[in-house]
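Engineer: Numbering (UniProt numbering), first residue to last: 1 to 321.
The C-beta atom is built at its ideal place from N, Cα and C for all residues, glycine as well.
1. Quick one: any contact between the region 53-67 and the region 18-34, if contact means 3 or more CB pairs under 8 Å?
2. What is the DSSP secondary structure of residue 48, counted as helix, strand or coil?
3. Can you tell me which residues form a DSSP beta bridge with residue 284?
4. When you compare each of 299, 295, 263 to residue 320 by their alpha carbons, which one comes out closest?
5. What does residue 290 pair with, by DSSP beta-bridge criteria?
6. Ignoring anything shorter than 4 residues, give me the alpha helix (DSSP H) runs that lie fully in the region 138-224, in order along the chain.
7. Please state the DSSP three-state secondary structure of residue 43.
8. Give the list of continuous alpha helix (DSSP H) stretches no shorter than 4 residues that lie fully inside the region 233-265.
9. With residue 265 and residue 165 assumed to form a contact (beta carbons below 8 Å), what rounded beta-carbon distance in angstroms separates them?
10. Counting only the same chain and skipping the five closest in sequence on each side, list residues whose C-beta sits under 7 Å from that of residue 4.
11. Once you ignore the five residues that flank residue 16 on each side, which residues in its own chain have a CB closer than 7 Å to its CB?
12. Give me the residue from 318, 314, 296 with the minimum Cα distance to residue 77.
13. Would you mind giving the Cβ-Cβ distance between residue 213 and residue 276, rounded to the nearest angstrom? I have them listed as a contact below 8 Å.
14. Under a Cβ-count criterion, where at least 16 other Cβ atoms within 10 Å of its own Cβ denotes burial, should residue 222 be classed as buried or exposed?
15. Using the rule of at least 16 other Cβ atoms within 10 Å of the residue's Cβ for burial, across every protein chain shown, is residue 107 buried or exposed?
16. Between which residues of its own chain and residue 313 is the CB-CB distance below 6 Å, once the five residues before and five after are set aside?
17. Tell me whether the region 139-149 and the region 227-235 touch, counting them as touching only if at least three CB pairs, one residue from each stretch, are closer than 8 Å.
18. If you run the structure through DSSP and keep just helix, strand and coil, what is residue 230?
19. Using 8 Å as the threshold, is the C-beta distance between residue 290 and residue 136 below it?
20. DSSP has residue 24 in a bridge; who is on the other side?
21. Count the C-beta pairs between the region 164-180 and the region 249-263 that are closer than 8 Å, then say yes if the count reaches three, no if not.
22. Mark residue 259 as exposed unless 16 or more other C-beta atoms lie within 10 angstroms of its C-beta, in which case mark it buried.
23. Tell me whether the region 120-136 and the region 146-163 touch, counting them as touching only if at least three CB pairs, one residue from each stretch, are closer than 8 Å.
24. To the nearest angstrom, how far is the alpha carbon of residue 271 from that of residue 255?
25. Using the three-state DSSP reduction, which class does residue 279 fall into: helix, strand or coil?
26. From which residue to which residue does the beta strand (DSSP E) around residue 124 run?
27. According to DSSP, simplified to helix, strand and coil, what is residue 95?
28. Please identify the residue among 154, 158, 99, 9 whose C-alpha is closest to the C-alpha of residue 292.
29. Can the beta-carbon of residue 328 be found less than 8 Å from the beta-carbon of residue 119?
30. Where do the N-terminal and C-terminal ends of the beta strand (DSSP E) with residue 271 fall, by residue?
31. Shortest alpha-carbon distance to residue 93 belongs to which of 169, 10, 286?
32. Could you give the DSSP three-state label for residue 76: helix, strand or coil?
33. According to the neighbour-count rule (16 or more other Cβ atoms, all chains shown, within 10 Å of its Cβ), is residue 216 buried or exposed?
34. Does the pairing of the region 95-106 with the region 304-318 give three or more beta-carbon distances under 8 Å?
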């Protein structure tokens, strides 16, 4: 990337000629000249300058192309370093914190034995934020859910992840009284959520994929649920369920955490994991990487390990939930 292209990238990231000038210790006029030089070279305008600075369609196209060039350069550097030093580097992963808590401890031990000089960093946020970081070269891999198609992405489906409702025995007794024993026998075959309309729920934030899936289901069957707490952290949701105040929805991959909790819980504290009647949708766990970017062998092996670990975990859960 030449100087003008680097300055173009900085102006886009800052969306300000003034801020770009301060960061580069150049004058604003000098920044402007670099942009004009690029615009003359390509015969297009990259920015609308009034009423505020925004990218033109040509500017957006240029920015995406420059990002790809930058990522390819970074990939080349990784490749050359790998050749020069052997398997040494860093893997930057985007993943939901609760899923990382389940998968990473099991995966890391075997992987670290094979690649002791590779460090792993995990970043947690909404999938949309993490995929943007992937595009910008700040992450190598994203483990996401139901990721939308994008020409920049290589999306590898890892597993289907069914959704369950969890609720403690204590809360079931409070809610169903004398019919508790009857429903306790029926619910393992599928819960009709209309029976849970009076039970308070803790749920993920409205923008989450699992929330959208549940909303589609309850709207289809005209079911009204009471959401009294919103947090997209399954560990916190489990603790709230353990207080016998709420029920929750969790994907299968998180269920091992519930099973571990039940190992030390008393009868009333036991948290049930029930399938949902007529819920034919499930989440899809995806591994997302950038197309046309070089993947060192240690990253390829890590992706392969994740794929195997998630498949193994989902098979185990089918037998134990």
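Structural biologist: Checking against the coordinates, here is how it stands:
1. no
2. strand
3. 160
4. 263
5. 153
6. 169-176, 180-186, 209-220
7. coil
8. 234-242, 255-263
9. That pair is no contact at about 18 Å.
10. 34, 37, 38
11. 53
12. 296
13. Contact flag wrong, Cβ pair sits at about 10 Å.
14. exposed
15. buried
16. none
17. no
18. strand
19. no
20. DSSP, once it has assigned bridges, lists no residue as partnering residue 24.
21. yes
22. exposed
23. yes
24. 10 Å
25. coil
26. Premise fails: residue 124 is in no beta strand (DSSP E) and is neither H nor E.
27. strand
28. 154
29. Since the first and last residues shown for the chain are 1 and 321, residue 328 lies out of range.
30. 271-274
31. 286
32. helix
33. exposed
34. yes
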